[in-house]
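Going down the list, the protein sequences come from chains U and D.
Under this note's numbering, the first sequence has 14 at position 14, and the numbering climbs by one with no breaks.
Under this note's numbering, the second sequence has 160 at position 160, and the numbering climbs by one with no breaks.
Even glycine gets a Cβ: it sits at the ideal position worked out from N, Cα and C.
Structure first, commentary second.
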Amino acid sequence: MIIELGHFLLALALSLSIFQFLLPAVGVKFNSYSMMKSTSIIAYMSFILVLFSFASLVYAYITSDFSVSLVAKNSHSLKPLLYKISGVWGNHEGSLLLWVLILTFYSAAVAILGRRLPLKLLSLVLSCQGLIAAAFISFILFTSNPFVRIFFPNAEGEGFNPILQDFGLAIHPPFLYLGYVGLSVTFSFSIAALLVGKVDTIWVKWVRPWTLIAWVFLTIGIALGSWWAYRELGWGGWWFWDPVENASFMPWLAATALLHSSIVAEKRDTLKAWTILLAIIAFSFCLLGTFIVRSGVLVSVHAFASDPSRGLYILLLLVFFTGGGLALFAKRAPYLKSGSLFKPLSREGALVINNIIFASAAATVLLGTLYPIFIDAINNSKVSVGPPYFEAVFIPLMVPAILLCAFSPMLSWKRAIMDNIIERIIAVFICTLFLASLIIIIYGGSASAFLGLFLAFWLICGTLYEFLIKVGVKSSFKTFTQRALNLPRSAYGMSIAHIGVAVFIIGATVSSAWRIDIEKPIILGEKIIVKDIELTFKGIKKVEGPNWNADRGEFEIIKSSGAKYLLYPERRFYPASEVNTSEPAIMSGIFSDLYVVLGESLQEEDSYAFRIYYSPFISWIWFGIMLMAMGGILSLSDRKHRLGYGLKKV
Amino acid sequence: MKNKLKYFYSYVPLIIFSILVLFFARQLILKEDPSELPSALLDEKFPSITLSRLADYELFSNKNLMDTDNPSLVNIWSSWCVPCKVEHEFLMRMREEHNIIIYGINYKDNKEDALKVLDLNDNPFYAIGVDQDGMQSINLGVYGVPETFIIDRSGNIRYRHVGPILEYDMEKIILPIIIKIKQEKL
């Protein structure tokens, strides 16, 4: 009964969304105040309807109602509660419902926080959001209905892909979607600006924080996905350039560019058309990502639920929203007033280069991801693009971006003076060269390790130096602290995010340059020494989990400090889906991770194939990404960047 | 003049996007299933390819497919390919539980990485050939890794599977075709 109610509420939400699209559009056309004013209420209502509809599906999962087809296919009564709930979005239908839930949530948030926005702008934004919601809800109802019953239910569900039974992955889609869908807000704002025909201060003041919040969620979402791949796939890798990974990375690159161009738009009242274009592109990448993941046009390990007929619908959505957005842009953008001018050597100039690099990077990833489709279409031959392409093209693109990133915050707006900059660059360069060389001399390492470390130190030194300049190096301690405290939070946010990039680069560089792999059969009681760590293989036990049973190996780890740890790598078997998975045991530390994977039992007695990876600094990868996200959050807490700009303080 | 250019530039994103859409639409409509075999190769002899040896492993060549007793699988894999890691377990099961002969083509890979995968994971392959630059696999129309071909007892390609072989693919697609081939008279 509850499921039918959920279905009904979703259908109701569809008609409300259509109403949310039409009412303000008509209101704007005829300049009707009451029509425009009541749009917000519709936005709240459709959020509440979708929320209840979503809750009904969650309820079906929690109570293991296997008469619901989706629950029967994707859940199992023995699954732990957390994974029952995360199972709701662990499949195509449910994840789309989550998408729509977040979309209507954002619309409601814009309606609440945007009470002081010019009514016409707010109405157009909500109208556009309503149209997106209507399109996606009808997609759910007509092609991917999660509320379908089966007439002869089994007593037990079919479980779901056990690789997905992981905490990081359980919360990965909600974060990713909060990011994806957050970009719909900036998209709607851009469409509204193009329709109104002007980009004013309040528009820019809105777009920047909303881009930032979407970017923060997207960053966290990608980090969680990569963290999952690291812990669960059992190969010690953390990024595979898989089409589905790229699908989340392209919007991130576009959002990063948008984030930086919106700074210029806000501070200097220029680059407005470009900012609008980027906002349209960023959201298009989200739709494109959905298309790639769901349509099966590209082969991917993550394509657990792909279906070409759904692909066609998503392609139509993509054509409608992106094509429509870009057509509107083409028609209206030339009429937007262009803003103030600036010299190439200036903060604006540096941010423009940042934008060019990030846009090229997104295009590069797009090209690599879609290359198999292009080549197939052009000369009917088939190729595949692997990490070699992405590494060869992406890394060189990012090098100038990092070099620029360190000192562009030091440049002044409008026009910077070369002499001041040169002096600073030289100081940072010497410092960086010294640090990077020192490490390479002590620990040895390849040219690429040197390059990575150089970039990271360059960014850290540059950022710290810029901070010192801002607060004044030669001032007394008292003025120093006072100035430091008076710096806006957004300044700290930027510095922390940039340091986060550096920390990430250190993690990526060091973990690949100084990684140690040991892959061999290990006999019971055998001792292995990796660096200063001693591992002893103590034994294998059979254990039972809620919906799996496993062989669990036991390793005793003794560090040089004398500290003892135990690690338990497992090979699990899930009877419901007859799948084996390997659960690596990871001892994570600040300076190194020890990663132990239990392989097959070998013919000789008491001997098992083991893989042991020692990866120094690998946790810095996610630590760095989290620093970036924290920088974003700190910046959002700045008074100037509140999400509800224009609202009086309550 | 300058103004006219400005109008033109603003159309550039739309034009690029339209071209992209054409490609997508083609992929989606003309070839609904990217895993479908180009018809030219179906029921044809496995094309002649020259592969190089991977360390001490038995070298896979066209000769292997002359075996008229058993059908076989040719699996294209790479150490950098994540789906390959997922399907590995099923290749092992097919070898161990169903005694299916599987040949491996190591595609655009680094030799050391490839060796590592085999060492620690048990080797599902009867023989292996290396296609370092991917040129040989082009003859097969390889779209991406992993891909698997079913070869019948006359050395003809009977089926092509794109993407990882998972439980369902193994039970419902690959094994039935193998059984069917075994029942055929030569």
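Can you tell me which residues form a DSSP beta bridge with residue i?
i: U/LEU535; result: U/ILE528, U/ILE557
i: U/MET587; result: U/LEU594
i: U/ALA60; result: BP columns for U/ALA60 are empty, so no partner.
i: D/ASN156; result: D/LYS45
i: U/ASN9; result: The amino acid occupying residue 9 of chain U in the given sequence is Leu; Asn does not appear at that position. Answer is none; U/LEU9 lacks a bridge partner.
i: U/ILE518; result: U/ILE612
i: U/TRP203; result: For U/TRP203, which the question treats as bridged, DSSP gives no partner whatsoever.
i: D/ASP131; result: D/TYR107
i: U/VAL543; result: U/ALA550
i: U/ARG572; result: U/ALA550, U/THR581
i: U/LYS564; result: U/ILE558
i: U/HIS498; result: Paired residue(s): none; U/HIS498 is not in a bridge.
Between residue i and chain D, is there a C-beta pair that is closer than 8 Å?
i: U/VAL473; result: no
i: U/ALA305; result: Low local confidence applies: a pLDDT of 44 at U/ALA305 is under 50, so the model's placement there is unreliable, with the coordinate-based value given in what follows. By this cut-off, U/ALA305 is not an interface position.
i: U/PRO334; result: yes
i: U/ALA255; result: no
i: U/ALA362; result: no
i: U/ALA327; result: yes
i: U/ALA109; result: no
i: U/ASP606; result: no
Determine, using beta carbons only, whether residue i and residue j come nearer to each other than 8 Å.
i: U/VAL503; j: U/TRP458; result: no
i: U/LEU121; j: U/VAL244; result: no
i: U/GLU526; j: D/LYS116; result: no
i: U/ILE2; j: U/ALA72; result: no
i: U/SER262; j: U/VAL216; result: no
i: U/TRP548; j: U/TYR568; result: no
i: U/VAL501; j: U/MET418; result: no
i: U/LEU70; j: U/GLY94; result: yes
Where residue i and residue j are concerned, what is the direct C-alpha to C-alpha distance, given to the nearest angstrom?
i: D/PRO176; j: D/ASN70; result: 14 Å
i: U/GLU158; j: U/PHE152; result: 14 Å
i: U/MET630; j: U/HIS641; result: 15 Å
i: U/ALA513; j: U/SER446; result: 7 Å
i: U/VAL473; j: U/MET410; result: 14 Å
i: D/ASP140; j: D/PHE46; result: The sequence given here places Leu at residue 140 of chain D; Asp does not occur at that position. Roughly 8 Å separates the two Cα atoms.
i: U/PHE329; j: U/TRP241; result: 31 Å
i: D/LEU5; j: D/VAL12; result: 11 Å
i: U/LEU176; j: U/PHE591; result: 28 Å
i: U/GLY323; j: D/ARG26; result: 17 Å
i: U/VAL199; j: U/ALA193; result: 6 Å
i: U/PRO387; j: U/ALA362; result: 15 Å
i: D/SER39; j: D/ILE157; result: Bear in mind that a pLDDT of 47 at D/SER39, under 50, signals an unreliable position, so the model cannot answer this.
i: U/ALA135; j: D/ASN106; result: 44 Å
i: U/LYS538; j: U/ASP606; result: 11 Å
i: U/ARG489; j: U/SER635; result: 6 Å
i: U/ILE41; j: D/SER79; result: 54 Å
i: U/ILE137; j: U/ASP638; result: 35 Å
i: D/SER18; j: U/LEU117; result: 34 Å
i: U/ILE522; j: U/GLU544; result: 24 Å
i: U/ASN486; j: U/PHE477; result: 14 Å
Please confirm whether residue i has its beta-carbon closer than 8 Å to some beta-carbon of chain U.
i: D/ARG153; result: no
i: D/TRP77; result: no
i: D/VAL21; result: yes
i: D/ALA25; result: yes
i: D/ASP169; result: no
i: D/TYR7; result: yes
i: D/TYR159; result: no
i: D/PRO47; result: no
i: D/PRO124; result: no
i: D/PRO176; result: no
i: D/SER52; result: no
i: D/PRO71; result: no
i: D/PHE17; result: yes
i: D/VAL74; result: no
Determine, for residue i, whether the minimum Cβ-Cβ distance to residues of chain A falls below 8 Å.
i: U/GLY311; result: Absent from the structure is chain A; the protein chains it does hold are U and D.
Kindly indicate the opening and closing residues of the beta strand (DSSP E) around residue i.
i: D/TYR72; result: Per the sequence presented here, residue 72 of chain D reads as Ser, with Tyr not at that position. From DSSP, the beta strand (DSSP E) with D/SER72 extends over 72 to 77.
i: U/TYR389; result: Taken as a continuous stretch (DSSP letters only), U/TYR389 belongs to no beta strand (DSSP E), being part of the alpha helix (DSSP H) at 387 to 407.
Terminal residues of the continuous alpha helix (DSSP H) containing residue i?
i: D/GLU147; result: Run containing D/GLU147: none in the alpha helix (DSSP H); it sits in the beta strand (DSSP E), 147 to 151.
i: U/LEU627; result: 619 to 636
i: D/ARG93; result: 82 to 98
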